[in-house]
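Be aware that the sequence shown starts at 34, since it is given in the numbering used here, and climbs by one per residue. For each residue, glycine too, the CB sits at the ideal point set by N, CA and C. Note that the coordinates shown come from a computational prediction; the quantities given were computed from them, not determined experimentally. Input: a single structure, listed below in structure tokens.
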Amino acid sequence: MRQALFAEFIGTAGLLSVVVGSGIMGERLADGNTAIALLANALATGFGLYVLISVFGPISGAHFNPAVSLVETVRGRLRPKVLPAYLIVQVTGAIAGVWLAHLMFDLPILQTSVHVRTGPGQFVSEIVATSGLILTIIGFTRHAPAQTGAAVGIFIAGAYWFTASTSFANPAVTTARALTDTFAGIRPVDVGPFLAAQLIGAAVALVVAALVGFNQGK
């Protein structure tokens with residue numbers, strides 16, 4: 034269990050360092066072209082997810098996401114007594130990853146975002162992004178488990194572009210990104226609605242998975 038928790042901490046930290054770091058680099062090199070910065074951010078995140086899931090999946094399941102851990106608990110794939118520890122290391126790992134990105138780019142470690150992300154479109158986007166992510170995970174772990182890492186990376190990279198919120202789809206990621214005033218940031222006041230939408234998205238994914246006949250015991 035110690036190994037699994039450490040893997041979740043390192044994996045989530047790695048994910049956030051990729052998300053925030055690639056956002057900083059993309060914005061610096063894009064010369065004001067937001068589309069180029071977003072493309073760089075999306076591709077780096079997708080590639081990073083594939084690597085992190087492939088490396089840490091056999092150890093902890095490579096959740097890196099409280100919504101995924103909650104769903105896996107409901108599906109019987111994660112013991113309920115382990116869930117609180119998973120959530121703690123995911124959130125603390127995410128914050129550590131943000132701080133690491135700041136260090137790599139010589140920025141102040143402690144920041145608070147002023148990036149506005151609010152409105153009905155953002156809320157609906159997070160429901161769609163989170164439900165889509167979790168359905169991707171459930172479907173691929175059942176039918177093509179060896180391809181799960183690639184599928185998750187591809188889905189998130191695509192969802193950066195087809196959702197208005199750029200697909201946070203992760204409560205730990207959302208919380209930590211409030212602590213960076215960079216391209217990837219989100220105002221602390223906007224975090225609550227994002228978290229609510231992500232929980233709704235997780236519930237929607239469970240309902241859809243049951244309706245289409247996924248075996249919830251696998």
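Threshold first: 4 residues or longer. Then list the alpha helix (DSSP H) segments lying entirely within the region 134-210, N to C.
153-176, 181-195 and 204-210, all fully within the region 134-210.
Measure how close the beta-carbons of Val149 and Asp223 come, nearest whole angstrom, since I'm counting them as under 8 Å.
Residue numbering aside, residue 149 sits at position 116 when the sequence shown is read from its first letter. Residue numbering aside, residue 223 sits at position 190 when the sequence shown is read from its first letter. The C-beta distance from Val149 to Asp223 rounds to 7 Å, short enough to meet the 8 Å contact threshold.
Ile92 - containing alpha helix (DSSP H), residue span:
The count along the sequence shown starts at 1 and reaches residue 92 at position 59. Residues Thr67 to Ser93.
Closer than 7 Å by C-beta to Ala184: which residues in its own chain qualify, once you throw out the five before and the five after it? Chain order, please.
Within the sequence shown, residue 184 is the residue found at index 151, counting from 1. Cβ within range, chain order: Thr169 and Phe173.
Assign Ala243 to buried or exposed, taking buried as 16 or more other Cβ atoms, counted over all protein chains shown, within 10 Å of its Cβ.
As a working note, residue 243 is residue 210 in the sequence shown. Label assigned to Ala243: exposed.
DSSP three-state assignment for Thr213, whether helix, strand or coil
As a position in the sequence shown, residue 213 is number 180, starting the count at 1. Coil, per DSSP.
Spatial distance of Gly130 from Ile171 (CA atoms)
For the purposes of this step, residue 130 is taken as residue 97 along the sequence shown, with counting starting at 1. For the purposes of this step, residue 171 is taken as residue 138 along the sequence shown, with counting starting at 1. Straight-line Cα distance between these residues: approximately 26 Å.
At the level of alpha carbons, what is the spacing between Ile86 and Val115?
For this step, residue 86 is matched to residue 53 along the sequence shown. For this step, residue 115 is matched to residue 82 along the sequence shown. In this model, Ile86 and Val115 are separated by some 20 Å (Cα to Cα).
Report the CB separation of Ala209 from Ala127 in whole angstroms; it is logged as a contact under 8 Å.
Start at 1 with the first residue of the sequence shown, and residue 209 comes out as number 176. Start at 1 with the first residue of the sequence shown, and residue 127 comes out as number 94. 4 Å between Cβ atoms; contact.
Could you say which of Gly94, Ser102, Ile121 and Phe138 lies nearest to Pro113 if we only look at CA atoms?
For the purposes of this step, residue 113 is taken as residue 80 along the sequence shown, with counting starting at 1. Of Gly94, Ser102, Ile121 and Phe138, the smallest CA-CA separation from Pro113 is found for Ser102.
In the DSSP assignment, find the unbroken alpha helix (DSSP H) run with Phe97 in it and report its ends.
Within the sequence shown, numbered from 1, the residue matching residue 97 stands at position 64. DSSP places Phe97 outside any alpha helix (DSSP H), giving it a letter other than H or E.
For the 8 Å Cβ check, are there 3 or more pairs between the region 192-208 and the region 153-165?
Under the Cβ criterion (8 Å, minimum of three pairs), the region 192-208 counts as touching the region 153-165.
Local conformation of Ala230 per DSSP, three classes:
Numbered from 1 along the sequence shown, position 197 holds the residue referred to as residue 230. Judged by DSSP in its simplified three-state form, Ala230 adopts helix.
Beta-carbon proximity of Gly152 to Phe89, cut-off 8 Å:
One-based indexing of the sequence shown puts residue 152 at position 119. One-based indexing of the sequence shown puts residue 89 at position 56. No, these two residues do not count as a Cβ contact at 8 Å.
I need the boundaries of the alpha helix (DSSP H) containing Leu111, first residue and last residue.
Translated into positions along the sequence shown, residue 111 becomes position 78. Per DSSP, Leu111 belongs to no alpha helix (DSSP H) and is neither H nor E.
Taking the C-alpha atoms as reference points, what is the distance between Ile142 and Ser50?
Locating residue 142 in the sequence shown gives position 109, where the first residue counts as 1. Locating residue 50 in the sequence shown gives position 17, where the first residue counts as 1. Each residue's Cα considered, the two are about 13 Å apart.
Identify, in the order they occur along the chain, each residue of the same chain with its Cβ nearer than 6 Å to the Cβ of Ala118, setting aside the five sequence neighbours on each side.
By 1-based counting over the sequence shown, the position of residue 118 is 85. Same-chain partners within the cutoff: Leu38.
With a 10 Å radius around its C-beta and 16 neighbouring C-beta atoms as the bar for buried, classify Gly234 as buried or exposed.
One-based indexing of the sequence shown puts residue 234 at position 201. For Gly234, the number of other beta carbons within 10 angstroms of its own is at least 16, and it is reported as buried.
C-alpha gap between Leu228 and Leu62, whole angstroms
Working through the sequence shown from its first residue, we reach residue 228 at position 195. Working through the sequence shown from its first residue, we reach residue 62 at position 29. So the alpha carbons of these two residues sit roughly 31 Å apart.
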